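For the sequence shown, the positions run 35 to 521 when our numbering is used.
Ideal Cβ placement from N, Cα and C applies to all residues, glycine included.
In this text the structure is predicted, and so the values were computed from the model without any measurement.
Shown next, in structure tokens, is the structure this report addresses.
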Amino acid sequence: MPIFSLPSPYGIGTLGKAAYDFADFLAEAGQHYWQMLPLGPTSYGDSPYQSFSTFAGNPYFIDPDLLVEDGLLTKREVKAYRWGDDPRHVDYGAVYASRLKLLSKAKKRGWERDREEVTAFVTENARWLPDYALFMACKRHFGMRSWTEWEDEDIRLRRSPEVLEQYRTLLREDVELFTYIQYLFFRQWEALRTYLHERDIHVIGDLPIYVAMDSADVWAEPENFQLDDRCVPTEVSGVPPDYFSADGQLWGNPLYRWDRMQADGFGWWIRRIDGAGKLYDVIRIDHFRGFESYWAVPYGETTAKNGRWVKGPGMALVGVLTGWFPQLEFIAEDLGYPTPEVAQLLRDSGLPGMKVLEFAFDSRDTSSYLPHSYGENCICYTGTHDNSPLALWRQEADPADIAFAKEYLGLNDEEGFNRGIIRGGMSSVAKLFVAQMQDYLELGAGHRTNEPGTQSGNWQWRMLPGELTPELAQRIRKLTRIYGRLA
């Protein structure tokens with residue numbers, strides 16, 4: 035359940051009342067984990083996997099009502115903006131046009147009042163926050179264009195201490211604004227996370243394997259990425275043609291210079307996981323197979339077809355991350371191209387991989403995603419954010435596959451298709467079972483979170499007020515109890 039999918043009167047889900055209500059619902063339903071999508075600030079295309087920073091929080095998720103309670107905004111100010119007219123879908127255009135204006139008002143009231151706390155926050159996050167705040171201030175200064183298009187090569191390419199200080203002085207108001215916004219985000223996030231922990235609910239967060247080209251991460255440390263002397267990528271990320279797309283997926287992220295990263299003990303990755311640990315209790319490593327080998331596409335290609343496999347860092351990196359952070363748990367998103375080498379890396383890491391039920395019921399072939407084949411060290415999902423909700427998958431899939439699923443799981447019309455699939459996952463020996471909220475709500479067409487390979491209409495789905503009911507919570511709790519998953 036992504037944060038943006040929570041109901042709220044402000045166009046997008048926030049860290050406010052609906053998040054706390056969802057936490058209460060999970061507790062009533064006997065659930066102990068809330069998996070969400072990346073929490074970073076989104077850029078063009080609104081994808082949480084293309085963020086301006088791997089460390090920062092999304093300003094859209096800061097709850098206006100909590101700012102009113104804190105004396106930083108008035109109710110009149112909050113109601114003065116238009117946030118969109120469709121409660122089922124995020125209107126990113128409306129949110130983009132209004133959110134920063136509103137947060138600017140909060141900053142004007144709070145900057146001096148909270149100076150001591152903000153100073154401590156900046157000190158605690160000194161490794162990334164000053165770069166991020168200056169990066170965002172410069173983006174505004176240069177018309178929100180990608181940093182690769184900024185006219186001033188001194189700030190774009192050379193970044194000498196003198197130039198950085200010059201721009202910090204020139205853009206002081208915006209540097210302070212983006213600093214304060216992060217202070218507000220993390221203050222609200224830490225309060226919500228504390229509330230979740232009090233209810234024995236842990237957060238599973240998604241860590242994208244790559245960072246966006248237009249990000250403070252690449253701008254501030256280009257030496258870690260495969261760029262030429264003009265900071266143009268030589269090859270970019272993607273995946274070859276697969277189940278989701280005949281052309282593959284051209285993600286376009288810059289690739290890492292693994293040799294350089296390994297030379298300093300993967301310090302950048304250690305800092306990155308440390309930042310993620312401030313948000314999450316469990317980290318799902320997106321595209322885990324890219325650590326074994328990754329698909330490199332020549333820069334300028336329009337599809338991902340003409341790429342090549344390149345060897346990744348493997349256990350040299352994975353071992354460092356798990357060794358440095360014994361307090362964190364990890365999940366390996368090992369979907370796609372399950373080669374023997376990827377399977378071996380998963381075994382060597384000791385991390386649980388993923389089993390997706392929508393991939394299990396191929397009537398033509400035996401699948402390792404069928405529940406009877408599981409070992410305990412895996413996480414079972416109905417589907418991921420890239421899959422159709424179950425009710426839609428039932429309509430789209432090969433009828434023979436649906437017939438096999440019904441036969442395998444003993445589904446009947448009285449129980450219902452969605453409930454039977456969920457029962458099949460809940461009853462498996464997998465150490466954890468996760469379902470999309472849409473599947474518990476039995477929503478189908480028009481309720482996808484994301485459709486890979488498409489450029490618009492994604493990351494918009496929202497739950498409506500009132501869709502969570504006590505009856506649903508008790509039904510989920512009963513199933514959780516029957517299969518021994520209540521703690």
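| query | What is the rounded straight-line gap between the Cα of Gly444 and the Cα of Thr373? | reply | Translated into positions along the sequence shown, residue 444 becomes position 410. Translated into positions along the sequence shown, residue 373 becomes position 339. Rounded to whole angstroms, Gly444 to Thr373 spans 32 Å at the Cα level.
| query | Exposed or buried, Gln508, counting other C-beta atoms within 10 Å across all chains shown (16 or more means buried)? | reply | Numbered from its first residue, the sequence shown carries residue 508 at position 474. Gln508 is exposed by the Cβ-count criterion.
| request: Would you kindly report the start and end of the unbroken alpha helix (DSSP H) that includes Leu351? | output: The count along the sequence shown starts at 1 and reaches residue 351 at position 317. For Leu351, the enclosing alpha helix (DSSP H) starts and ends at Met349 to Trp358.
| query | What number of angstroms, rounded off, separates the C-alpha of Gly91 from the C-alpha of Phe219? | reply | In the sequence shown, counting from the first residue as 1, residue 91 sits at position 57. In the sequence shown, counting from the first residue as 1, residue 219 sits at position 185. Here the alpha carbons of Phe219 and Gly91 stand approximately 6 Å from one another.
| message | Can you find the residues in the same chain that come closer than 7 Å, C-beta to C-beta, to Val344, ignoring five residues on each side of it along the sequence? | response | To locate residue 344, count along the sequence shown from 1; it is residue 310. Excluding five sequence positions before and after Val344, the CB atoms of its chain that fall closer than 7 Å to its own CB belong to Ser327, Tyr328 and Ala330, given in chain order.
| message | Tell me the rounded alpha-carbon separation between Ala394 and Arg291. | response | The sequence position of residue 394 within the sequence shown is 360, counting from 1. The sequence position of residue 291 within the sequence shown is 257, counting from 1. Within the model, the alpha-carbon separation for Ala394 versus Arg291 is close to 36 Å.
| request: Would you give the residue range spanned by the alpha helix (DSSP H) that Glu151 belongs to? | output: As a first step, residue 151 must be located in the sequence shown, where it is residue number 117. Residues Arg149 to Glu158.
| field | Contacting residues, own chain, Cβ-Cβ under 6 Å from Gly118 (five flanking each side not counted) | value | Here the question's residue 118 lines up with position 84 in the sequence shown. For Gly118, where only same-chain residues beyond five positions count, the Cβ hits under 6 Å are Gly45, Asp125 and Ala128.
| field | Minimum C-alpha distance to Arg221 - residue among Thr182, Gly384, Phe89 and Ile96 | value | Within the sequence shown, numbered from 1, the residue matching residue 221 stands at position 187. When each option's Cα is compared against that of Arg221, the closest is Ile96.
| Looking at the structure shown, is Gln361 part of a helix, part of a strand, or coil, going by DSSP? | Within the sequence shown, the letter at position 327 stands for residue 361. Gln361: coil per DSSP, three-state reduction.
| Cβ atoms of Gly64 and Arg515: under 9 Å apart, would you say? | Position 481 of the sequence shown, counting from 1, holds the residue named residue 515. Position 30 of the sequence shown, counting from 1, holds the residue named residue 64. Gly64 sits close to Arg515, with the two beta carbons spaced by under 9 Å.
| said: Threshold first: 3 residues or longer. Then list the beta strand (DSSP E) segments lying entirely within the stretch 201-256, N to C. | reply: Qualifying beta strand (DSSP E) stretches, in chain order: 236-241.
| Nearest-angstrom Cβ-Cβ length linking Thr88 and Arg342, presumed shorter than 8 Å | Here residue 88 is taken as the residue at index 54 of the sequence shown, counted from 1. Here residue 342 is taken as the residue at index 308 of the sequence shown, counted from 1. No, Thr88 and Arg342 are not in contact; Cβ-Cβ is about 26 Å, not under 8 Å.
| message | Given a cut-off of 9 Å on the beta-carbon distance, is the pair Ile510 and Val468 in contact? | response | Within the sequence shown, the letter at position 476 stands for residue 510. Within the sequence shown, the letter at position 434 stands for residue 468. No Cβ-Cβ contact shorter than 9 Å links Ile510 with Val468.
| message | Suppose you measure from the CA of Val112 to the CA of Asp55; what does that come to, to the nearest Å? | response | Your numbering for residue 112 matches position 78 in the sequence shown. Your numbering for residue 55 matches position 21 in the sequence shown. Those two C-alpha atoms are separated by around 21 Å.
| message | In chain order, what are the residue ranges of uninterrupted beta strand (DSSP E) at least 3 long that sit wholly in the stretch 61-91? | response | Qualifying beta strand (DSSP E) stretches, in chain order: 67-69.
| task | Check whether the Cβ atoms of Thr203 and Met247 lie closer than 9 Å to each other. | result | Reading the sequence shown from its first residue, position 169 is the one you call residue 203. Reading the sequence shown from its first residue, position 213 is the one you call residue 247. Contact annotation: Thr203 and Met247 have beta-carbon atoms that are not nearer than 9 Å.
| Limits of the alpha helix (DSSP H) - the one that Phe131 falls within | Taking the sequence shown and counting its residues from 1, one reaches residue 131 at position 97. Note that residue 131 corresponds to Ala in the displayed sequence, not to Phe. Annotation: the continuous alpha helix (DSSP H) that includes Ala131 extends over Tyr126 to Gly144.
| query | Taking C-beta to C-beta, are Arg496 and Met460 nearer than 9 Å? | reply | Here residue 496 refers to the residue found at position 462 when the sequence shown is read from its first residue. Here residue 460 refers to the residue found at position 426 when the sequence shown is read from its first residue. Not in contact: Arg496 and Met460 (Cβ atoms no closer than 9 Å).
| message | Less than 6 Å between C-beta atoms, sequence neighbours within five positions excluded: which residues of the same chain meet that for Ser194? | response | Translated into the one-based positions of the sequence shown, residue 194 becomes position 160. Shown here for Ser194: not one same chain residue has a beta carbon closer than 6 Å to its own, the five before and five after excluded.
| request: Can you tell me which of Tyr217, Trp253 and Glu224 puts its alpha carbon nearest to the alpha carbon of Asp188? | output: Along the sequence shown, one-based indexing puts residue 188 at 154. Looking at the Cα atoms, Trp253 is the closest of the given residues.
| query | Can you list the alpha helix (DSSP H) stretches of 4 or more residues lying completely in the stretch 367-426, in chain order? | reply | List check, alpha helix (DSSP H) in window: 374-383.
| said: For Leu426, tell me which candidate among Asn446, Asn452 and Glu448 has the shortest Cα-Cα distance. | reply: Counted from its first residue, the sequence shown places residue 426 at position 392. Checking every option, the nearest Cα to that of Leu426 belongs to Asn452.
| request: Flag this pair as yes or no: are the beta carbons of Leu385 and Phe364 separated by less than 9 Å? | output: Your numbering for residue 385 matches position 351 in the sequence shown. Your numbering for residue 364 matches position 330 in the sequence shown. In terms of Cβ geometry, Leu385 and Phe364 form a close pair [threshold 9 Å].
| For Asp165, is the classification buried or exposed, using 16 other Cβ atoms within 10 angstroms of its Cβ as the cut-off for buried? | Sequence index remark: in the sequence shown, residue 165 carries index 131 (1-based). Buried, because 16 or more other Cβ atoms sit within 10 Å of the Cβ of Asp165.
| said: Classify Asn446: buried if its beta carbon has 16 or more other beta carbons within 10 angstroms, exposed otherwise. | reply: The residue labelled residue 446 in the question sits at position 412 within the sequence shown. Burial state of Asn446 is exposed, judged by a 10 Å Cβ sphere holding fewer than 16 other Cβ atoms.
| task | Check the DSSP bridge columns for Leu261 and list the partner residues they point to. | result | Translated into positions along the sequence shown, residue 261 becomes position 227. According to DSSP, Leu261 bridges with Pro267.
| Among Ala437, Leu60 and Ala350, nearest to Glu505 - alpha-carbon criterion | As a position in the sequence shown, residue 505 is number 471, starting the count at 1. Closest option to Glu505, judged by alpha-carbon separation, among Ala437, Leu60 and Ala350: Leu60.
| query | Is there contact here, the stretch 343-362 with the stretch 312-326, by at least three beta-carbon pairs under 8 Å? | reply | Taking 8 Å as the limit for Cβ pairs, the verdict is that the stretch 312-326 does touch the stretch 343-362.
| For Gln283, the first and last residue of its enclosing beta strand (DSSP E) | The residue you call residue 283 lines up with position 249 of the sequence shown. Here the beta strand (DSSP E) through Gln283 covers Gln283 to Pro288.
| query | With DSSP run on the structure shown, which of helix, strand or coil describes Phe300? | reply | Residue numbering aside, residue 300 sits at position 266 when the sequence shown is read from its first letter. Three-state result, Phe300: coil.
| query | For the beta strand (DSSP E) that contains Arg318, what are its first and last residues? | reply | By one-based count along the sequence shown, residue 318 stands at place 284. Per DSSP, Arg318 belongs to the beta strand (DSSP E) from Val316 to Ile319.
| query | Can Tyr94 and Ala140 be called in contact, C-beta distance under 9 Å? | reply | Mapped onto the sequence shown, residue 94 falls at position 60. Mapped onto the sequence shown, residue 140 falls at position 106. Contact annotation: Tyr94 and Ala140 have beta-carbon atoms that are not nearer than 9 Å.
| Buried/exposed call for Gln489, threshold 16 Cβ in 10 Å | Numbered from 1 along the sequence shown, position 455 holds the residue referred to as residue 489. Classification of Gln489: exposed, given that the 10 Å Cβ count is below 16.
| Val463, buried or exposed, once every other Cβ within 10 Å from all chains shown has been counted against 16 | Indexing the sequence shown from 1 puts residue 463 at position 429. Exposed, since its Cβ has fewer than 16 Cβ neighbours within 10 Å.
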